[in-house]
Amino acid sequence: MPPKQKVHLDKGAWQWAETTDYTKVTDEHVKIAYRLNLSPCEPASCKRNCKGNPFCLNNIGEKKWFGTFDETKWLNFDPDSERRQKGHFVGLKNLGATCYVNTFLQLWFHNPIFRRAVYEWRDPNLPTVYYEGWKPDSIIGHLQVIFALLQYSNRCFVDPSPLIECIGLDTGEQQDAQEFSKLFLHQMESALSGSVPDKENVIVQQFCGSYCYVTVCQNCQSQSETLATFYELDLNIRGHSTLDASIRDFLQEEKLEGDNQYMCNVCCSKQNATRTIKLIKLPPVLNLQLLRFVFDKSKGHKKKLSSFIQFPETLDMSPYLDVGNIGDSSYELTAVLIHRGPTAYSGHYIAHIREQEDTGAWYKYNDEEIEKMNNKKLELGKEEDILGNSLNNTEKAPKASKGNHSSRNAYMLVYRKCKQDNNGEKTPTVAENLLPPAVRGYVEHDNQEFENWILTMLENQEQNINEVRQGYEDMKTLYTTLPVKSLDEPWEWVSLQWLVKWLAEPKKIDQVVNRVPKCPHNKLPPDEVVKLKCISSVVADQLFSKYPINKRYPGESLLCEKCIRQRCREIRFRLCMSDDDKLFSSKKSITSMESSEDCYWVSTKHLRSWKKFAMDEISSKPVTISIQASSQGSSNLDIAPSSCLSSDQEASSSSASSSSGMFSNLDTTHQESKSQSPRDDLKGQDDQSKISAFSSSLSEQLAVQKSLKQTDKQSFPPAQSSFSWQYSETKSPQSKQDKSGNLKLSPFSNEKNSACESPDSGIIVLKPGSGDDTVDEMGEQHRVKEKVGNGKIKAAEVSMEDLQSYDEEKEERFNDDILCEHGNLRIDESGRRLVSKNVWERLLYYFPHMKPFTLYSPLCEECWSLQQFEQQLKESRKIAGQGQRDDLLNLYHMKSRPKIGDDWSGRSAFVVSTSFVDGWRKFVKHSVKSESVQEIVNAPLLCEHSLLLYKPEDMNSPDNATRFTLVWDEEWEKLTNYFAYDVEIKVSQEIQADGKMNVVTAPGVCSTCLNERIRQEEEGKYIFSRQVIYVRKVVDGTNMEAILKSEELKENGKGYNYDPEFNAPPHQKLKCAEPPPEKIAKLDNSQPRKSSRHRKTRGEKELVVSSNMTLKELKIQLFNLCSVPPFDQNLSLDGRNLKNDESTLQDLKVYPQCVLFLKDDEPVGESSTSVDDYLSVPTRPEEGFKGTNLLGR
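Residues in the sequence shown are numbered consecutively from 347, following the working numbering.
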């Protein structure tokens, strides 16, 4: 289709309606409205899909299937990414939490001497040749296979599962890497002992050194030496920033005093002594364990120290050796083991290892991934960036000097002697022939399986590409045959949304959800064509054989002629409104009226949007009710909303339509209406003639309405109904004559209901519902009854309840907002204006239901009377409130209240509920707006035994002021004159012989219920949801007793309002004017007044918590707020320390608005750096490697 015509698709679909009467709509018009007159667009002729053309299938996602087929998108398997590249090392698969094992395996593999010793080891039960299914049965046997695969495998990484299973490790639990290293080397030492006769054990030869403990008695100065061996040096890094400081700390002199005194063999008694460590011999490979994971006794678990430590690339150990054993002590760095993570129980292990056999380059081993460092230099910066989610970890890395490195995650350093003690010989090579034949066969078999797997994956990939290519061709074939070639062939409607999804991802389509919108007649609305497309039914059979469909919709069966007719009427209606819009929008037409001219009230708001109301009238679903009067008053009534009138049957003074409409007339003469174009009946007439004609019609209509109301008020809707009542003389096809000649009318036909009558009837009335049932807008079927009363009336009527509910749910109609609830003119003139008679009568064309209210029309008498009554009521309330205030002035100001223990001078007091007093004071203060209280209700102050729930001595408590108030006896007498009461509670005081005051209440106090009330209130204080508490951080040296004393003074009301951040010092306070009487009354009260507003101090945080929250959850919330790790939080409340993390706030008696004190005892630079450390603490005791083959099961 040419692009220039696309923008006119919507307009062209309805252009015919401007010149065509809706009663003369043909099938051709229906097809044009549904765009079926258009031809399919040529492929690739549209820049975008023509949504107005149901035959256009361009640009709905088909381009991806017609482009060049790119095989590279389906090459999801690259054999080179799985195969080991030449000159590259082999990685190890991480089985879950086995990264710490992988780092040590790579470290030991890159020690050629240790690897050669493993290759030379022989299992006595080892077969001479490999057979399928063979595998080792010992730890060192599996290590031999792992080392062989790391050196000769064709894979880029191998699976260490057999070794892990043989050891018995849990792959889902991370263990202590340092402990694993020690236990595994011990196993290797035992397994390699005697494996090669007349040779030193390789573990001892490579890793074993010696030192001695030198103890000197301070009394006799005798010296004792104890020799010991080591495989690694455990260096403390707490408080140290360099490796040199840690080594010197390891060798530092230790004092043995007090309970730790030394038992001297010379003195034969315990004496003070000193103990030092002297390094005697260093191994070729020096393992330095940095004690980064330490056990915290106060917390009961391990934590990680994240302090930086500097270490050199070349380490000179001569300063630390004994003078007589210096020798060659220069070492070079060969490996750095890293733990990335914030806690001791989570994180990831990687290894940086220097190649020793060839280039000497540095490599980073991260499980399956192996990365070569640039320029053969060690780079640790990237690993130092990953420190968990800590917000408190802000320590910067110290600048390392040349030849040194700095790390906060390194936990093991491996140094190797620069010159091995092997008489100048080179490091022995590790050849394949050293391996047992069975192990070589195992490696060859694994490589062959790997190559076979590669071939299988490539074949599957090629097969998958061929299937995809064929799928592309099938999609092309289906798409090219979808368009409808001719409307003579079978075709159907399909959802455009589904077509787009199908072309986008056909494999993800399980079922066709063919969503087709429906009109009230259960067919396709013409405006919804843009959401659908027409496709050939023959191709649809093929398409839907692959994809199950919920429902199929044949083409012409969904075309709704009734909707087309109604839409045609609306278009004609809009044309009729164009001239009147100019008249109504002209201020001169509306406001320029002569004093003698009649003028009418119209809603200002509705007049501005009159066209919308008019379109709502014509578009609404009307209800037709035909009523046959008795023979004495023979007349035919057709009752329907005015918007249903045919535009061809517009009212004239000489004809009456069989249907109501926008131009409705009432006439009792029998004349047939003729088809006319809009306003044909008014052509040639001047404005005055038009007005006169419609004015006469209006008078007749009002007269008929009045007559009908008087005839039978029960049979018709009320006066304020939105229906218009009109005579109709043309017989409806649904009306039948009885024998007497009277019409027996029914509002809806018993035959199949249709929304439009045939054009021959001269009437089109939309009837709600579709199918065999006649349903109104609420979906309820009208109950039709035949009423016969003394032979006078024979008629069918719709239930008034249905009509009333229908009317209530209808939207607001034009000019209804100037009516009051009684259907009369509102007494308030705002929102309405006067218009001339000319404008008024023009408005009646569109809204014949409007009631005429002229300038002199009376206002609603009922509303006027009600307004006067309300005014009198306000005056009476004002007088009553003023009188009660004058009688009870002290009670109103809460002044001079009775207080238990004071001298009452023989008077007595009465108890009144505070809720009543507050309500009464509110009424007195705002008597015009507030409702008056009706009764003094004191029952809640009594228990089930009709006794008092409060002790007399507690009546002075400020807490009880919210429950009840004491009034004098004369005030009680006045209150009982104004209000009724349920229970009288009297309080009197008597002075006993010993001079003590005795307080007596009537009724008395119930001690049992009193205690129960106190208990429930105390428990309820600690049960709350989403309430605010405050946390105040304190620093070391803070006097907590002084703070608590200050808080206690606040609780007692003394100095409660003093806040150093809000109040000025006493000598700077300004003098204020005298406070109002209400405040004077409160200040005069001897009870201290407590501020209801919490004033936050500097450094105080606000938290929203609930009583069911645990202390642990509160600490985590505090961590996010103030960055203090949970284990370093010491919380206290009212002098109590909150300790148990699993206890709820209710158990710890935390209450709303309380202030918690937080003390941070975190050691700087050494404590845990993340909240994960708090969350990752194991819930069960650590078992380490218990139960594994490293210790023996």
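For each residue, glycine too, the CB sits at the ideal point set by N, CA and C.
Fair warning: this is a prediction, and the values are worked out from it, not measured in the lab.
Rounded to the nearest angstrom, how far is the Cβ of residue i from that of residue j, given a contact under 8 angstroms?
{"i": "Glu519", "j": "Ala443", "result": "6 angstroms"}
{"i": "Thr680", "j": "Tyr761", "result": "7 angstroms"}
{"i": "Gly749", "j": "Thr660", "result": "7 angstroms"}
{"i": "Ala1348", "j": "Lys1332", "result": "5 angstroms"}
{"i": "Gln524", "j": "Gln635", "result": "5 angstroms"}
{"i": "Phe641", "j": "Arg754", "result": "In fact, because the Cβ distance is near 20 angstroms, the residues do not count as touching under 8 angstroms."}
{"i": "Cys563", "j": "Tyr608", "result": "6 angstroms"}
{"i": "Asn404", "j": "Pro389", "result": "7 angstroms"}
Would you decide whether residue i is buried or exposed? Buried here means 16 or more other CB atoms lie within 10 Å of its CB.
{"i": "Glu1317", "result": "buried"}
{"i": "Phe1370", "result": "buried"}
{"i": "Phe1215", "result": "exposed"}
{"i": "Thr575", "result": "exposed"}
{"i": "Trp411", "result": "buried"}
{"i": "Ala1285", "result": "exposed"}
{"i": "Leu573", "result": "exposed"}
{"i": "Gly437", "result": "buried"}
{"i": "Tyr788", "result": "buried"}
{"i": "Arg915", "result": "buried"}
{"i": "His867", "result": "buried"}
{"i": "Gln656", "result": "buried"}
{"i": "Ala886", "result": "buried"}
{"i": "Asn798", "result": "exposed"}
{"i": "Gly687", "result": "buried"}
{"i": "Asp792", "result": "buried"}
If we ignore side chains and look at the alpha-carbon of each, how far apart do residue i and residue j end up?
{"i": "Ile716", "j": "Lys879", "result": "56 angstroms"}
{"i": "Glu1126", "j": "Ser1182", "result": "Because the pLDDT at Glu1126 is just 35, under 50, the model does not fix this residue reliably, and the point stays unresolved."}
{"i": "Glu374", "j": "Leu382", "result": "9 angstroms"}
{"i": "Ser652", "j": "Lys847", "result": "53 angstroms"}
{"i": "Val1279", "j": "Ile1225", "result": "15 angstroms"}
{"i": "Lys763", "j": "Ile486", "result": "26 angstroms"}
{"i": "Lys1245", "j": "Gly1252", "result": "13 angstroms"}
{"i": "Ala784", "j": "Phe455", "result": "20 angstroms"}
{"i": "Tyr368", "j": "His1168", "result": "39 angstroms"}
{"i": "Asp1162", "j": "Tyr946", "result": "14 angstroms"}
{"i": "Leu495", "j": "Leu632", "result": "27 angstroms"}
{"i": "Pro1472", "j": "Leu1464", "result": "8 angstroms"}
{"i": "Glu1075", "j": "Ile895", "result": "Because Glu1075 sits at a pLDDT of 33, beneath the cut-off of 50, its placement in the model cannot be relied upon, and the point is left open."}
{"i": "Leu1189", "j": "Leu842", "result": "43 angstroms"}
{"i": "Glu1330", "j": "Cys1209", "result": "44 angstroms"}
{"i": "Asp590", "j": "Gln598", "result": "12 angstroms"}
{"i": "Leu355", "j": "Phe401", "result": "12 angstroms"}
{"i": "Gln551", "j": "Ile459", "result": "10 angstroms"}
{"i": "Thr1311", "j": "Val1257", "result": "6 angstroms"}
{"i": "Val875", "j": "Arg920", "result": "23 angstroms"}
{"i": "Asp713", "j": "Gly398", "result": "59 angstroms"}
{"i": "Lys1320", "j": "Leu1234", "result": "8 angstroms"}
Can you tell me which residues form a DSSP beta bridge with residue i?
{"i": "Ser1182", "result": "Cys945"}
{"i": "Val560", "result": "Glu571 and Thr622"}
{"i": "Val1329", "result": "The partner list for Val1329 (beta bridge, DSSP) is empty, contrary to what the question assumes."}
{"i": "His694", "result": "Arg686"}
{"i": "Phe1370", "result": "Note: Phe1370 sits in no beta bridge, so no partner."}
Below 8 angstroms between beta carbons: does that hold for residue i and residue j?
{"i": "Ile696", "j": "Tyr711", "result": "yes"}
{"i": "Ser882", "j": "Glu819", "result": "no"}
{"i": "Ile406", "j": "Leu845", "result": "yes"}
{"i": "Met923", "j": "Lys877", "result": "no"}
{"i": "Leu1494", "j": "Leu1504", "result": "no"}
{"i": "Phe1199", "j": "Phe959", "result": "no"}
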